[in-house]
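*Asks:*
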Amino acid sequence: MKTFLRSLILLCAAIATIHASDSWNTNYQDALAQASKENKKVLLDFTGSDWCAWCQRIQKEIFSKQEFKTYAAKNLVLVEIDFPQTKIQSATTKKQNEELQSRYHVQGFPTLVLLTPKGKVLKQSSGYIEGGPKGFIKWAKE
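For the sequence shown, the numbering used here gives the first residue as 917, with consecutive numbering after it.
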């Protein structure tokens, strides 16, 4: 039983770091500080990563593509604000995500919010952004 629980915890941790391995942060304040230091915008991705089909589609068709990664590395600090159903999150992360959902008036998933390094909203999009990485980059630059 202990081996099973250890394996389950390791699996959940591995899944939770998939976004992080692609330079996604989960800490909002750290992301703002990084954006200020690097003179970049902040992209908040409000997602239900383990249950939301449209969120998974954005991950597959936009965020996982090299064109997006190249643009993001030069221009954005990426923050995943996740509301999973089965993934384990710390109480601190859950609280932060709920506060951000309220602050930015997020009603559904996926929602993308583009911010200044001080947290001011530049633009917000609820739902899927069409056009793959090119469509996202066009949206971010408009």
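The beta-carbon is built from N, C-alpha and C at its ideal position, and this holds for glycine as well. Treat the numbers as computed from the prediction; the structure is a model and nothing was measured.
Does the distance from the CB of Leu1028 to the CB of Asp961 come in under 8 Å?
*Replies:* Yes. Within cutoff.
*Asks:* With distances taken Cα to Cα, identify the nearest neighbour of Leu959 among Lys1054, Pro1033, Pro1049.
*Replies:* Of Lys1054, Pro1033, Pro1049, the residue nearest in Cα terms is Pro1033.
*Asks:* Put Glu983 into one of helix, strand or coil per three-state DSSP.
*Replies:* Helix at Glu983.
*Asks:* With 16 as the cutoff for other CB atoms within 10 Å, does Glu996 come out buried or exposed?
*Replies:* By the 10 Å Cβ count, Glu996 comes out buried.
*Asks:* Quick one: grab the DSSP three-state call for Thr1032.
*Replies:* Residue state, collapsed to three classes: coil.
*Asks:* Look at the alpha carbon of Phe1052 and the alpha carbon of Gly964, and state the distance between them as a whole number of angstroms.
*Replies:* Computed Cα separation, rounded: 19 Å.
*Asks:* Classify Asp998 as buried or exposed, calling it buried when 16 or more other Cβ atoms lie within 10 Å of its own Cβ.
*Replies:* Its Cβ being crowded by 16 or more others within 10 Å, Asp998 is buried.
*Asks:* Taking only three categories from DSSP, how would you classify Ile1085?
*Replies:* Limits of the chain in this structure are 917 at one end and 1058 at the other, which puts residue 1085 out of reach.
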